[in-house]
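Quick note, in my numbering, the sequence shown goes up one by one and the last residue is 265.
Backbone N, C-alpha and C fix where the C-beta goes; we use that ideal spot for every residue, glycine too.
Accompanying notes for the structure given below.
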Amino acid sequence: MKQKDPQAIIQSKKLPNMQKSLTSKDSFKINRPLLTIIMPVFNEAQTVEQAIRRLSALPVSKELIVIDDYCTDGSRELLKKLYQEFKFKLILHAQNMGKGYGVRQAAAYAKGKYMIVEDADLELDIGVIAKMMEIIENEPSIDMVNGNRILKKGGKSGILQNLARVITSVLAKILYGKYLNDLLCSYKLCLVSKFKQLNLKSTRFGLETEWIIKAFKKGWKIVETDVLFMPRLHKQGKKIQFFDGFDIIWQLIKYRFTN
Ligand SMILES: Nc1nc2c(ncn2[C@@H]2O[C@H](COP(=O)(O)OP(=O)(O)OP(=O)(O)O)[C@@H](O)[C@H]2O)c(=O)[nH]1
Ligand SMILES: [Mg+2]
Numbered sequence: 007m008k009q010k011d012p013q014a015i016i017q018s019k020k021l022p023n024m025q026k027s028l029t030s031k032d033s034f035k036i037n038r039p040l041l042t043i044i045m046p047v048f049n050e051a052q053t054v055e056q057a058i059r060r061l062s063a064l065p066v067s068k069e070l071i072v073i074d075d076y077c078t079d080g081s082r083e084l085l086k087k088l089y090q091e092f093k094f095k096l097i098l099h100a101q102n103m104g105k106g107y108g109v110r111q112a113a114a115y116a117k118g119k120y121m122i123v124e125d126a127d128l129e130l131d132i133g134v135i136a137k138m139m140e141i142i143e144n145e146p147s148i149d150m151v152n153g154n155r156i157l158k159k160g161g162k163s164g165i166l167q168n169l170a171r172v173i174t175s176v177l178a179k180i181l182y183g184k185y186l187n188d189l190l191c192s193y194k195l196c197l198v199s200k201f202k203q204l205n206l207k208s209t210r211f212g213l214e215t216e217w218i219i220k221a222f223k224k225g226w227k228i229v230e231t232d233v234l235f236m237p238r239l240h241k242q243g244k245k246i247q248f249f250d251g252f253d254i255i256w257q258l259i260k261y262r263f264t265n
């Protein structure tokens, strides 16, 4: 395992004492990938291996950046093992920094033209990623393709989750005049260069909301694509909490009046 590659040194200089990174040699790493896939991981030992294996088979020119946000359930050991097998960049945090922080940090190292966030929880059907790529590649006026979660047969989503979806969509329409069915869907495909222009600040689960709001404010053309969805429950490892909902709503209101 090569621990002191140049990228690792660059990263640890930028954020001293918080992380070290490893860059493996195999399958995900190509010089100019079309798509950067960012996978935030916090204690996902049950699902992370399958999540990475299925991504490796995705027929898209891609790189993968995985953030281990101080996992303590064996995910880290698993990731180090998978790192030997697949080409991906692995960022290891020495303390928990939050999903939003990890995604923003990984985006700073993205080499792809486009980026998308793939959670390690197997909730979304990755088959749609190729379709999202096709949409954005074929229509240059589109700035972002946003997922719209449709329950898979047999799936069941919670009342709070459904409520959050409706409230955020309605609030966004009232405050920003734009309607999307599913602001909170983690599948948001856009140019890496455009993502960086948004200058996002969220460190936890507010990132998706801030991403959409700032895209609205910049006048991005956003189209939606249905994504099959098999939600998991908190007892199956879901991390987002009730109070994260307040943060999401606060962001919707706050960014209406500030930048
Ligand atoms: N880096 C990082 N990732 C996290 C953290 N908490 C959760 N995640 C990851 O974020 C992804 C989504 O977590 P979930 O708890 O399922 O949240 P969710 O309800 O799917 O929420 P969103 O998809 O973000 O709207 C998973 O891959 C988690 O491992 C964290 O503190 N840091
Ligand atoms: Mg999830």
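- Counting along the chain, no alpha helix (DSSP H) covers ARG155; the unbroken beta strand (DSSP E) around it starts and ends at 150-157.
- ARG210 places its beta carbon less than 7 Å from that of GLY106.
- Taking a 10 Å sphere around the C-beta of ALA112, we find 16 or more other C-beta atoms and assign the residue as buried.
- PHE94 sits in coil when the DSSP states are folded into three classes, being neither helix nor strand.
- Looking at the DSSP output, ILE44 shares a beta bridge with ILE71 and VAL123.
- One alpha carbon belongs to GLY161, the other to ILE219, and they sit about 29 Å apart.
- PHE235 carries a strand assignment under DSSP once its states are collapsed to helix, strand and coil.
- If you draw a straight line from the Cα of LEU84 to the Cα of MET103, it is about 20 Å long.
- Taking 6 Å as the cut-off, the C-beta of LEU190 counts as close to a heavy atom of ligand 1.
- In this structure, the beta-carbon distance from ASP149 to TRP217 does not fall below 7 Å.
- Put simply, the region 140-154 does not touch the region 59-75. Fewer than three CB pairs are less than 8 Å apart.
- With a beta-carbon spacing of about 7 Å, LYS68 and LEU40 fall inside the 8 Å limit used to define contacts.
- Taking a contact to require three or more Cβ pairs closer than 8 Å, the region 116-133 and the region 87-94 do not qualify as touching.
- When DSSP states are grouped into helix, strand and coil, VAL109 belongs to the helix group.
- Cβ atoms of GLN257 and GLY183 stay farther apart than 8 Å, at about 17 Å.
- A check of alpha carbon separations from HIS99 across ASP75, MET121 and VAL109 identifies ASP75 as the nearest.
- The straight-line gap separating the alpha-carbon atoms of GLN52 and LYS158 is approximately 20 Å.
- Only residues of its own chain outside the window of five on either side were considered, and among them LEU190, GLY251 and ILE254 have a CB closer than 8 Å to the CB of ALA170, listed in chain order.
- Rounded to the nearest angstrom, the gap between the Cα atoms of VAL72 and PHE248 is 26 Å.
- Of all alpha-carbon atoms in LEU186, ILE156 and SER208, the one lying nearest the alpha-carbon of PHE222 is that of LEU186.
- Of all alpha-carbon atoms in TYR261, ASN168 and PRO146, the one lying nearest the alpha-carbon of ILE156 is that of ASN168.
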